[in-house]
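Peer 1: According to our numbering, the sequence shown is numbered sequentially starting from 178.
Don't be surprised by glycine CBs; every beta carbon is placed ideally from N, CA and C.
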Amino acid sequence: MIKKYILFGAFLWSFACAQAQEVIIHVSQGYLDTLYHKYPVKPFVHPGFSNCFEWDTPYFQSIADVKQHQALVVHGVYTRQMAKTADSLNFARKGQMAAWRHLPDMPNEDGVYRAANQDRTGTSKMDKGHFSAWKLNAYNQDAALLSDTYTFNAAFEMAAQNIGTELGIEYLQRFLVGEVKGRHRPAGLPLYKRVEYWKGAWPLLVR
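Now the structure itself:
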């Protein structure tokens with residue numbers, strides 16, 4: 178009888194693991210090209226912002242300074258339903274879902290980050306920090322892919338700081354609309370159906 182229970186328990190554990198398996202997304206370069214061409218950038222016309230462009234997608238909106246290699250402000254919305262959908266889809270942050278890309282006719286910043294990390298190691302290295310976090314966009318395949326876009330949703334961030342930002346900002350937003358798997362929800366934190374956010378390199382706005 179004990180052996181039967183052990184076997185049954187092992188079956189349930191295997192079934193749970195299979196249910197929770199992450200989904201790896203594969204799309205063609207043609208798909209990505211078409212996706213990016215759906216949402217062209219346009220000049221952001223404002224005194225003192227000659228290097229700035231605006232990028233509007235259905236998932237988040239951004240104004241970025243291409244000379245400074247980072248977004249001035251990124252706006253988006255996160256809802257309880259988005260969180261549930263993201264958990265259900267369970268996209269893996271691997272492959273194309275972890276690859277940074279640049280918009281057509283915008284700078285490819287691979288070399289910028291390589292140069293910044295030439296003499297850095299470990300947690301002092303400069304990471305590509307999301308403003309609209311990848312996980313907050315993982316409720317939709319296209320949203321998640323577009324979130325890994327240089328300049329318009331990224332900025333330099335030390336590796337150690339990137340970890341803290343994830344814990345302090347990304348998880349806070351997710352907790353505000355519900356639960357986070359494997360994380361304890363802070364006591365007394367209000368619960369909302371919808372959270373609106375603005376993030377960006379605020380110091381660059383002071384000119």
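(1) Check the DSSP bridge columns for W311 and list the partner residues they point to.
(2) Under a Cβ-count criterion, where at least 16 other Cβ atoms within 10 Å of its own Cβ denotes burial, should H307 be classed as buried or exposed?
(3) Which of helix, strand or coil does DSSP assign to A320?
(4) Can you give me the start and stop residues for the alpha helix (DSSP H) that V372 sits inside?
(5) Report the residue from L322, K312, M283, Q338 whose alpha carbon sits nearest the alpha carbon of P220.
(6) List the residues that DSSP assigns as beta-bridge partners of K305.
(7) M274 and D325 - do their beta-carbons sit closer together than 9 Å?
(8) By the DSSP assignment, the beta strand (DSSP E) with Q247 in it spans what residues?
(9) Would you mind stating whether L266 and V357 have Cβ atoms separated by less than 9 Å?
(10) Less than 8 Å between the CB atoms is what I'm expecting for K302 and N294, so what's the real figure, rounded?
(11) Using the rule of at least 16 other Cβ atoms within 10 Å of the residue's Cβ for burial, across every protein chain shown, is D296 buried or exposed?
(12) From T328, H361, V372, R362, pick the residue whose C-alpha is nearest to that of H246; which is it?
(13) Could you have a look at Q238 and say whether DSSP puts it in helix, strand or coil?
(14) State buried or exposed for E373, treating a residue as buried only when at least 16 other CB atoms are found within 10 Å of its CB.
Peer 2: Straight from the coordinates:
(1) In the DSSP output, where bridge partners are listed per residue, W311 has none listed.
(2) buried
(3) helix
(4) Taken as a continuous stretch (DSSP letters only), V372 belongs to no alpha helix (DSSP H), being part of the beta strand (DSSP E) at 371 to 376.
(5) M283
(6) F333
(7) yes
(8) 247 to 256
(9) no
(10) 5 Å
(11) exposed
(12) T328
(13) strand
(14) exposed
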